[in-house]
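All residue numbers for the sequence shown refer to UniProt numbering, where the first residue is 1 and numbers rise by one. To keep things clear, I will list the structure first and then write my remarks on it.
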Amino acid sequence: MEDSECANAQFLAWVKEWLDIARERNSKGVTAYRNAYESLKACPIAFEHPASLQQLKGFGPKLCERLEDKLKQYCQQNGLPMPEHPQVRKANERAQQEGGDAEARPKKKTRQPKAYVPAFRSGAYALILGLSHLPEDVSSSLTKTELIEAAQPHCDASFTTPVDTTKFYTAWSSMKTLVQKELVYERGRPLRRYALTDEGWAVAKRIKETAQWQDENRSNMQQGSNLRQQPPSITVEDEGLMPNVYEAVTTADEPSIYKNIVSDGPVVLEDEDLPTFTPIILSPGSFTVHLLLDVREVRAKTDRDYMQEELVKQGVKPIMRSLEVGDVQWIAKCHDPSLLSRHGAEGDEIVLDWIVERKRLDDLIGSIKDGRFHEQKFRLNRAGVKKVVYLIEEISMDSAAYQRYEEAVQSAIASTQVVNGYFVKRTQKIDDTIKYLAKLTAMLKRTYEKKQLLVIPTKVITAQNYSRLIQHLREKEPSVGYYVTYPAFASLASKSETMTLRDIFLKMLMTTKGLTGERALEIQRRWKTPHDFVKAFHACGTDEQGKKRKKELVCSDLSHLIGRKKISRPLSHKIAEVWGDA
């Protein structure tokens, strides 16, 4: 039977439309819509109001409400009267039968279910607003990391760190509720992606109609316009500014100012393609060393300035910034603000070769569970900083909860030390962290302030050549340090989406289980690009002997490797399956 011949053709057309959308999005609603579509198409009875459809298979209160909204819209657009709700019609019929007595009695109000709107600045509220940044009619979605970044400004609680250190619940826990309520659908494995369902979009619109959201949005817009008129960064001498002003100015302005200072540039495959340059020389005594502290480094939501204030007590006045990479950095600040500009560079700050990534133990466990741990280390590697300190605060946790992840934590720490070559520092609490940072700052001041610094002119740096250029300079002159300006470093770090071909190739390789970063690097050294790698497999041939050669290609070509870098025969077979179709 054709859809147009159905007794409820209009209702069927709407259900079919939603079924098609669910299929496109590969959402869980496909089965429900299919059942509803098939039972409605087979039903010979004509229904006036969608509420009557609940007697059919696949039709629940939610779907009937959606159809009712659609019918109201249809009637308004076409100038038709809205059919009476079956319950209202029955009540009217009873009233007529009972006569005058019924008229004297007050009508019982039918209790309407309250439309769901999550609490203001709660986890669910923020997640829905974060997903509402996507275009409604396009089947696009966000990963967990992307969604947290979009949602965090709308939420008071953290999406990564629990408020109560004895529990693992964060604002992200609200996602389970949203999925259960069918406001958000998730898809994809192992990397989950999230998007709003039609009901989710309706909730997002209701949120944006609330006075609280409108007031907050209005104040944010006013704050943004005021901040654009303020200077881009805060110098050490600006002692009159309060901590929240530091945070507001730097967070709002720095990314937009620095992002385009360094261009993307062409892909660089060989050292011969690297630029030559004359470094800018900073003499000893022409600068002082200062600590940069990320504005998001807090002890607790209610005590945001603790780290900053305690560092000052230790004799270190931090410069507060929204850092693109890491939580603590050190810079050399020129006494002459125009020194660098006279030599073709920008700003008056040079990034030194030290960076600290601070992790509370509970946050470390959370990042291991959701994959942020490897992504953050990847960003640290790309930053090109020589000395990376991975600082872990071993706060008190529920012992049973910790034991479940103890092995994963120890493994992560070992790989951070051995594979990445980072120095792992453990502290018992935040006060120990502050003392360590103060001592490290004093040591760096003694080391660098009596040294000559060589600065790479920004004009020769691109997002594509930076990592290779720094690596080449360190291999060529291991005893000499080369540095970049802070604006150039921030620009490079902000281009996290502008990955080099080498980065993409390494990430592709590491999706194969057992292929560690060290092994991936060895493969990339042998075959520079994905094209070279695939070409090598093609050259093996397609017959049975060719398939055998493909399986042995990686382990035989890299047979000289030993220890952790060695590629076993089973791993070589796995790689051949992915890259060589063996």
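Glycine included, C-beta positions come from ideal geometry on N, C-alpha and C. Since the structure is predicted, the reported quantities are computational estimates derived from the model, not experimental observations.
In this structure, does DSSP put residue i in helix, strand or coil?
i           : result
D353        : strand
L454        : strand
V267        : coil
Q428        : coil
W330        : strand
Q223        : Annotation note: pLDDT 46 at Q223 (below 50); position unreliable, coordinate value reported separately. Reduced to three states, the DSSP call for Q223 is helix.
T31         : helix
S256        : Residue placement at S256 is poorly supported in this model, since its pLDDT is 41, which falls under 50; the coordinates are not used for a value here.
Y74         : helix
I148        : helix
residue 585 : Any property of residue 585 remains undetermined from this structure, which presents the chain solely from 1 to 582.
T441        : helix
K550        : helix
I280        : strand
Y169        : coil
F47         : coil
T143        : strand
T462        : strand
F59         : coil
CA-CA distance, residue i and residue j?
i           : j    : result
I21         : A13  : 13 angstroms
S141        : Q10  : 30 angstroms
S158        : A383 : 26 angstroms
L571        : T512 : 9 angstroms
R564        : E522 : 11 angstroms
I575        : I456 : 39 angstroms
L293        : T441 : 12 angstroms
R23         : Y169 : 33 angstroms
R360        : T542 : 52 angstroms
Q308        : L453 : 28 angstroms
H154        : L67  : 32 angstroms
S4          : K41  : 10 angstroms
V316        : A119 : 40 angstroms
E349        : H573 : 50 angstroms
K57         : V88  : 23 angstroms
K70         : P50  : 10 angstroms
H374        : Q417 : 13 angstroms
R321        : V534 : 44 angstroms
R569        : E477 : 38 angstroms
residue 583 : L183 : Here the chain covers residues 1 to 582 and nothing more, so residue 583 does not appear.
C540        : S556 : 13 angstroms
Q223        : A126 : Low confidence applies here, because Q223 scores a pLDDT of 46, under 50, leaving its location unreliable and the question unanswered by this model.
D363        : S415 : 17 angstroms
R525        : A115 : 58 angstroms
S173        : E216 : 24 angstroms
A91         : H85  : 10 angstroms
How about residue i and residue j: are their beta carbons less than 9 angstroms apart?
i    : j    : result
W213 : E136 : no
H335 : S286 : yes
V351 : Y483 : yes
I355 : V385 : yes
P61  : Q55  : no
L444 : V328 : no
K387 : D432 : no
I128 : A204 : yes
K429 : E393 : yes
L469 : L340 : no
E346 : Y390 : no
Could you spell out the range, first to last residue, of the alpha helix (DSSP H) harbouring residue i?
i           : result
D294        : Per DSSP, D294 belongs to no alpha helix (DSSP H); it is in the beta strand (DSSP E), 287-294.
L323        : No alpha helix (DSSP H) holds L323; DSSP gives it neither H nor E.
E186        : Where E186 is concerned, there is no enclosing alpha helix (DSSP H), although the beta strand (DSSP E) it sits in stretches over 184-187.
Y116        : Counting along the chain, Y116 falls outside any alpha helix (DSSP H), and DSSP gives it neither H nor E.
M307        : 306-313
residue 643 : The structure shown has nothing for residue 643, since the chain only spans 1 to 582.
Let me make sure I understand the geometry here. Which of the options has the alpha-carbon closest to that of residue i?
i    : options                : result
E270 : R502, L558, Q77, R23   : R502
N381 : I430, L506, T170       : L506
K459 : T145, T433, T276       : T276
A7   : P44, I461, A32, W172   : P44
F378 : M510, R525, Q464       : M510
T161 : K369, Q471, E552, V389 : K369
E449 : E216, T288, G60        : T288
A520 : E209, K547, T143, N420 : N420
T278 : P318, G344, D305, H290 : G344
E310 : I434, L391, E149       : I434
L282 : L473, S338, V30, G130  : S338
Between which two residues does the beta strand (DSSP E) containing residue i stretch?
i    : result
R379 : Premise fails: R379 lies in the alpha helix (DSSP H), 372-383, not in any beta strand (DSSP E).
Y194 : 193-196
L391 : 387-393
T485 : 482-485
At a cut-off of 8 angstroms, would you count residue i as near the ligand MN, judging by its Cβ distance to the nearest heavy atom?
i    : result
T427 : Among the components modelled here there is no ligand, and therefore nothing to report on the ligand MN.
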